[in-house]
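A short write-up of the structure that comes next.
Numbering (our numbering), first residue to last: 62 to 284.
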């Protein structure tokens with residue numbers, strides 16, 4: 062998520078420097094309470110295109126219920142195929158098609174939920190999405206099955222450093238922190254003197270340069 066979201070933010074920032082305003086492409090997707098909400102927050106440019114030019118063109122939700130299900134499945138199938146003509150991408154698209162179909166079987170209007178209920182729904186939705194990412198990131202379905210077998214035996218995997226867990230924890234906190242407070246902090250930070258901002262950014266760049274041995278390429282560049 063941060064790989065692709067960060068790449069999008071860099072593109073938005075560079076465009077802003079050149080005088081162009083690009084739309085937001087991610088809106089804290091892992092706070093979604095269901096898969097339908099997730100697709101309004103994740104890769105918004107692609108999900109909007111799929112909705113406007115595929116789903117609605119096929120009839121959207123203004124057709125018979127069985128046609129709505131078919132439209133969802135066709136849209137997500139083609140969304141998976143767009144990422145590559147490989148079986149695991151197709152399975153990823155079909156998986157999300159099934160999740161969206163199941164999500165539509167819920168109540169039409171959402172009842173008022175308690176904070177605890179919202180958190181449980183967010184956790185459940187996150188795990189459904191995360192499981193689907195296995196299909197997206199593996200090389201093939203055999204690789205996917207190897208992951209599943211590894212879970213059953215709790216074997217394999219990579220030992221991660223303490224620095225990784227610190228960065229991961231900071232990333233999670235940043236993601237779940239209330240948006241209004243982040244906006245207020247951003248406005249406060251913009252008003253700080255330029256030398257303070259420059260010194261802070263310079264320090265962060267030095268820390269990053271000292272921690273990074275090799276700059277990895279963005280995952281989404283392959284698409």
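Note that beta-carbon positions come from the ideal geometry of N, C-alpha and C, so glycine has one too.
Measure from the alpha carbon of residue 189 to the alpha carbon of each residue in 158, 116, 211 and 204, then state which is nearest. Answer by Cα proximity: 158.
Looking at the secondary structure, which residues open and close the alpha helix (DSSP H) in which residue 252 lies? Counting along the chain, residue 252 falls outside any alpha helix (DSSP H), and DSSP gives it neither H nor E.
Considering Cα atoms alone, identify which of 131, 127 and 184 is closest to residue 90. Per the Cα distances, 184.
Determine contact between the region 227-242 and the region 193-205, defined as no fewer than three beta-carbon pairs at a distance below 8 Å. Cβ pair count under 8 Å is below three, so no.
Around the Cβ of residue 85, are there at least 16 other Cβ atoms within 10 angstroms (buried) or fewer (exposed)? Label assigned to residue 85: exposed.
Can you give me the C-alpha to C-alpha distance between residue 221 and residue 136, rounded to a whole angstrom? Cα atoms of residue 221 and residue 136: separation of roughly 38 Å, rounded to the nearest angstrom.
When we look at the beta-carbon of residue 124 and count the other beta-carbons within 10 Å, is it buried (16 or more) or exposed? Counting of Cβ neighbours within 10 angstroms places residue 124 among the exposed residues, the total staying below 16.
Could you tell me the boundaries of the alpha helix (DSSP H) in which residue 101 lies? That run of the alpha helix (DSSP H) goes 96-102.
With C-beta atoms as the reference, is residue 88 less than 7 Å away from residue 102? Cβ atoms of residue 88 and residue 102: closer than 7 Å.
Please return the same chain residues whose Cβ sits closer than 8 Å to the Cβ of residue 77, not counting the five positions on each side in sequence. Result list for residue 77: 83, in chain order.
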